[in-house]
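Peer 1: Heads up: the protein sequence lines correspond to chains A and B, in order.
Under the UniProt record's numbering, the residues of the first sequence are numbered 1 to 217, in order.
Under the UniProt record's numbering, the residues of the second sequence are numbered 1 to 217, in order.
There are 2 protein chains.
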Amino acid sequence: MTITITAFERSPDGGMGLARDTRVRWALEEVGQPYEVRPVSFTAMKAPAHLALHPFGQIPTYEDGDLVLFESGAIIFHIASQFAGLLPTDANARARAITWMFAALNTVEPPILEIAIAKFQEGDKPWSKERMPLIAERVRNRLAQLSARLGDDDWLDGEFSAGDLMMVSVLLRSRPSGILNDFPRLAAYVARGEARPAYQRAFAAQLAFNTAPPLAN
Amino acid sequence: MTITITAFERSPDGGMGLARDTRVRWALEEVGQPYEVRPVSFTAMKAPAHLALHPFGQIPTYEDGDLVLFESGAIIFHIASQFAGLLPTDANARARAITWMFAALNTVEPPILEIAIAKFQEGDKPWSKERMPLIAERVRNRLAQLSARLGDDDWLDGEFSAGDLMMVSVLLRSRPSGILNDFPRLAAYVARGEARPAYQRAFAAQLAFNTAPPLAN
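1) Distance, Cα to Cα, residue 248 of chain B vs residue 34 of chain A?
2) At 8 angstroms on the CB atoms, spell out the chain B contacts of residue 66 of chain A, in chain order.
3) In terms of residue numbering, what span does the beta strand (DSSP E) encompassing residue 8 of chain B cover?
4) I think residue 186 of chain A touches residue 147 of chain A, with their Cβ atoms under 8 angstroms apart; what is that distance to the nearest whole Å?
5) Who pairs with residue 70 of chain A in a beta bridge, going by DSSP?
6) Identify the continuous alpha helix (DSSP H) that holds residue 122 of chain A and give its terminal residues.
7) Under the rule that 16 or more other beta-carbon atoms within 10 Å means buried, what is residue 211 of chain B, buried or exposed?
8) Any C-beta of chain A sitting closer than 9 angstroms to the C-beta of residue 127 of chain B?
9) If we require 4 or more residues per run, which alpha helix (DSSP H) segments fall completely within the region 182-217 of chain A?
10) Applying the 10 Å Cβ sphere with the 16-neighbour rule, what's the burial state of residue 161 of chain B?
11) Does any residue of chain B have a CB that is nearer than 9 angstroms to the CB of residue 158 of chain A?
12) How long is the line joining the alpha carbons of residue 217 of chain B and residue 61 of chain B, rounded to whole angstroms?
13) What whole-angstrom Cβ distance do residue 219 of chain B and residue 24 of chain B have, given they're in contact under 8 angstroms?
14) Does any CB atom of chain A fall closer than 9 angstroms to the CB of residue 98 of chain B?
15) Between the region 182-214 of chain A and chain B, which residues of the former have a C-beta closer than 8 angstroms to a C-beta of the latter?
16) Can you check whether the CB of residue 91 of chain A is closer than 9 angstroms to the CB of residue 31 of chain A?
17) Report yes if the CB atom of residue 219 of chain B is closer than 9 angstroms to the CB atom of residue 105 of chain A, and no otherwise.
18) Taking C-alpha atoms, which residue in B/2, B/135 and B/9 lies nearest to residue 206 of chain B?
19) Between which residues of its own chain and residue 45 of chain A is the CB-CB distance below 6 angstroms, once the five residues before and five after are set aside?
20) Roughly how many angstroms separate the alpha carbons of residue 26 of chain A and residue 197 of chain B, rounded to a whole number?
21) Can you pull out the residues from the UniProt domain "GST N-terminal" (8-87) of chain A whose beta carbon lies closer than 7 angstroms to at least one beta carbon of chain B?
22) Could you check if residue 2 of chain B is buried or exposed, using at least 16 other CB atoms within 10 Å of its CB as the buried criterion?
23) Below 9 angstroms between beta carbons: does that hold for residue 59 of chain A and residue 36 of chain A?
24) Have a look at the DSSP bridge pairing and note the partners of residue 39 of chain A.
25) Apply the 10 Å Cβ neighbour rule to residue 137 of chain B and answer buried if 16 or more other Cβ atoms are within range, or exposed otherwise.
26) Give me the chain B residues within the contact set of residue 142 of chain A, using Cβ-Cβ distance strictly less than 9 angstroms, ordered along the chain.
27) Look at the alpha carbon of residue 80 of chain A and the alpha carbon of residue 79 of chain B, and state the distance between them as a whole number of angstroms.
28) My output table needs one value for residue 16 of chain B: the three-state DSSP class, helix, strand or coil.
29) Residues of chain A with CB under 9 angstroms from residue 131 of chain B, in chain order?
30) Would residue 163 of chain A be called buried (16 or more neighbouring beta carbons within 10 Å of its own) or exposed?
31) Excluding the 5 residues preceding and the 5 following residue 156 of chain A in the sequence, name in chain order all residues of the same chain whose CB lies nearer than 7 angstroms to its CB.
32) Where does residue 178 of chain B fall in DSSP's three states?
33) Candidates A/38, A/42, A/41 and A/68: which alpha carbon is nearest residue 52 of chain A's?
34) Does at least one heavy atom of the ligand GDP sit under 8 angstroms from the Cβ of residue 6 of chain B?
35) Roughly how many angstroms lie between the CA atoms of residue 7 of chain B and residue 19 of chain B, to the nearest whole one?
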């Protein structure tokens with residue numbers, strides 16, 4: 001059976017790798033699984049056929065035979081459970097790696113995403129300029145705590161895991177704001193993630209996908 | 001070994017059950033595991049001893065022998081993995097139940113939590129009143145999609161699972177705003193969750209904990 005994921009027909013970031021399909025591509029590259037990508041337009045994303053796969057009308061989705069999943073966290077957890085390479089075998093270490101996945105998605109990503117929401121959905125509002133520093137401060141607070149925990153380690157808990165894959169992916173979304181680079185340990189942590197061959201393949205694949213000429217049809 | 005979780009010494013909601021220890025208590029009640037609760041004050045939460053358990057200085061944490069976990073999602077996933085009753089045995093159904101856990105935490109909870117952030121951290125700002133309907137609209141969009149997917153089913157995917165436990169817990173946080181009751185199917189879904197004996201025990205335990213007289217010391 002072939003694993004098929006969905007991605008934006010054209011990512012709003014133009015191929016910076018910040019859309020959530022990149023993290024799924026990365027996970028599949030880490031475990032050495034081939035996959036196909038089905039592009040979804042913004043119109044198709046809200047249509048019944050896609051909503052049947054993803055009730056919130058987003059990307060990515062994951063299809064493998066009869067199984068349909070959505071949510072990048074759930075997809076990467078599934079990949080990490082099916083194939084070796086992304087989760088430790090020791091039970092406690094495994095539970096801690098999974099903890100970092102949830103921390104990335106529920107504690108670190110929401111304030112980072114608020115920056116994009118404030119920019120793209122409230123950028124024209126009279127409060128936009130005055131409010132941005134408040135949001136940035138919330139992101140800084142989280143990153144300061146994360147940096148303190150990481151310390152001088154390479155990864156969050158021993159060997160590289162799905163927890164690091166998710167945290168690096170989430171932190172990448174704070175780089176356009178300039179905030180990431182104010183935390184040298186975290187910037188170096190993200191750079192270590194980006195240097196992995198699997199990440200490089202995933203990044204190149206999404207870039208090619210997002211910059212390919214439109215199909216004639 | 002005894003399972004020990006942490007909770008607010010006094011929850012800011014005064015015992016409404018919206019703090020994240022309640023969902024962990026609920027999971028432990030569903031699987032029939034006893035547990036102890038260690039209260040943490042707002043001061044202690046940001047001190048080194050607690051930060052060693054929870055790098056973001058929050059509750060709940062989970063301790064069982066040598067294992068220390070944080071993040072309610074990770075804790076509930078761990079409980080559901082260790083003990084029967086919260087995840088299906090069929091592999092695909094299990095992956096879908098886990099998907100709903102991630103959807104609750106990464107897609108549904110963030111906009112709901114924004115309402116509280118706007119109220120408690122930006123309630124004194126000049127834009128507070130004008131901005132609130134924008135945030136509420138984002139919550140409504142998500143809940144409309146979720147309600148469409150749930151339809152007339154009792155639970156999100158077959159039998160009650162950790163995915164429902166998490167989604168109900170997250171939706172409960174939208175009730176004070178009045179938004180939940182605008183979606184009758186979701187309000188009934190939440191009520192089904194609240195009617196479960198395990199939820200009732202968890203709710204009663206957190207209420208007793210949050211309304212007990214302070215310890216003399």
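Note that CB positions come from ideal geometry on N, CA and C, so glycine has one too.
Peer 2: Looking at the atomic coordinates:
1) No information on residue 248 of chain B is available, as it lies outside the stretch 1 to 217 that chain B covers here.
2) As a position in the first sequence, residue 66 of chain A is number 66, starting the count at 1. Under the 8 angstroms cutoff, chain B gives 92.
3) Along the second sequence, read from residue 1 onward, the residue named residue 8 of chain B stands at position 8. Note, residue 8 of chain B: beta strand (DSSP E), 4-8.
4) Locating residue 186 of chain A in the first sequence gives position 186, counting from the first residue. Locating residue 147 of chain A in the first sequence gives position 147, counting from the first residue. Contact flag correct, Cβ pair sits at about 5 angstroms.
5) The count along the first sequence starts at 1 and reaches residue 70 of chain A at position 70. Note: residue 70 of chain A sits in a beta bridge opposite A/61.
6) Mapped onto the first sequence, residue 122 of chain A falls at position 122. No alpha helix (DSSP H) holds residue 122 of chain A; DSSP gives it neither H nor E.
7) If you number the second sequence from 1, residue 211 of chain B lands on position 211. Residue 211 of chain B is exposed by the Cβ-count criterion.
8) As a working note, residue 127 of chain B is residue 127 in the second sequence. Chain A, which has a Cβ nearer than 9 angstroms to the Cβ of residue 127 of chain B, makes this yes.
9) 184-194 and 197-211
10) As a working note, residue 161 of chain B is residue 161 in the second sequence. Buried: at least 16 other Cβ atoms inside 10 Å.
11) Start at 1 with the first residue of the first sequence, and residue 158 of chain A comes out as number 158. Not one chain B Cβ lies under 9 angstroms of residue 158 of chain A.
12) Along the second sequence, read from residue 1 onward, the residue named residue 217 of chain B stands at position 217. Along the second sequence, read from residue 1 onward, the residue named residue 61 of chain B stands at position 61. Residue placement at residue 217 of chain B is flagged as unreliable, the pLDDT there being 48, under the threshold of 50; the coordinate-derived value follows with that caveat. Distance between the alpha carbons of residue 217 of chain B and residue 61 of chain B: 25 angstroms.
13) No information on residue 219 of chain B is available, as it lies outside the stretch 1 to 217 that chain B covers here.
14) As a working mapping, residue 98 of chain B is identified with position 98 in the second sequence. Cβ-Cβ to chain A under 9 angstroms: yes for residue 98 of chain B.
15) none
16) Counting from one through the first sequence, the residue named residue 31 of chain A turns up at place 31. Counting from one through the first sequence, the residue named residue 91 of chain A turns up at place 91. No, the Cβ-Cβ distance between residue 31 of chain A and residue 91 of chain A is not below 9 angstroms.
17) With chain B covering only 1 through 217, there is no way to say anything about residue 219 of chain B.
18) Along the second sequence, one-based indexing puts residue 206 of chain B at 206. For the residues B/2, B/135 and B/9, the minimum Cα distance to residue 206 of chain B belongs to B/9.
19) Position 45 of the first sequence holds residue 45 of chain A. Excluding residues within five positions, the ones whose Cβ falls inside 6 angstroms are 57.
20) Locating residue 26 of chain A in the first sequence gives position 26, where the first residue counts as 1. Locating residue 197 of chain B in the second sequence gives position 197, where the first residue counts as 1. Spanning the two alpha carbons is a distance of roughly 42 angstroms.
21) 55, 56, 57, 66, 67, 69, 70, 71, 73, 74, 77 and 78
22) Taking the first residue of the second sequence as position 1, residue 2 of chain B is located at position 2. Residue 2 of chain B comes out exposed.
23) Taking the first residue of the first sequence as position 1, residue 59 of chain A is located at position 59. Taking the first residue of the first sequence as position 1, residue 36 of chain A is located at position 36. For residue 59 of chain A and residue 36 of chain A, no; Cβs fall outside 9 angstroms.
24) As a first step, residue 39 of chain A must be located in the first sequence, where it is residue number 39. In the DSSP output, where bridge partners are listed per residue, residue 39 of chain A has A/7.
25) For the purposes of this step, residue 137 of chain B is identified with residue 137 of the second sequence, where counting begins at 1. Label assigned to residue 137 of chain B: exposed.
26) As a first step, residue 142 of chain A is located in the first sequence; it is residue number 142 there, counting from the start. Near residue 142 of chain A (Cβ distances below 9 angstroms), the residues of chain B are 56.
27) Position 80 of the first sequence, counted from the start, is the residue given in the question as residue 80 of chain A. Position 79 of the second sequence, counted from the start, is the residue given in the question as residue 79 of chain B. Going from the Cα of residue 80 of chain A to the Cα of residue 79 of chain B covers about 19 angstroms.
28) Reading the second sequence from its first residue, position 16 is the one you call residue 16 of chain B. Residue state, collapsed to three classes: coil.
29) As a position in the second sequence, residue 131 of chain B is number 131, starting the count at 1. Those within 9 angstroms of residue 131 of chain B in chain A are 122, 125, 127 and 131.
30) Counting from one through the first sequence, the residue named residue 163 of chain A turns up at place 163. Buried: at least 16 other Cβ atoms inside 10 Å.
31) One-based indexing of the first sequence puts residue 156 of chain A at position 156. Counting only Cβ-Cβ distances below 7 angstroms, and skipping sequence neighbours, we find 100, 150, 163, 164 and 167.
32) For this step, residue 178 of chain B is matched to residue 178 along the second sequence. It is coil, neither helix nor strand.
33) Within the first sequence, residue 52 of chain A is the residue found at index 52, counting from 1. The shortest Cα separation from residue 52 of chain A among A/38, A/42, A/41 and A/68 belongs to A/68.
34) Among the ligands in the structure shown, none appear at all, so the ligand GDP cannot be discussed.
35) The sequence position of residue 7 of chain B within the second sequence is 7, counting from 1. The sequence position of residue 19 of chain B within the second sequence is 19, counting from 1. Each residue's alpha carbon lies about 8 angstroms from the other.
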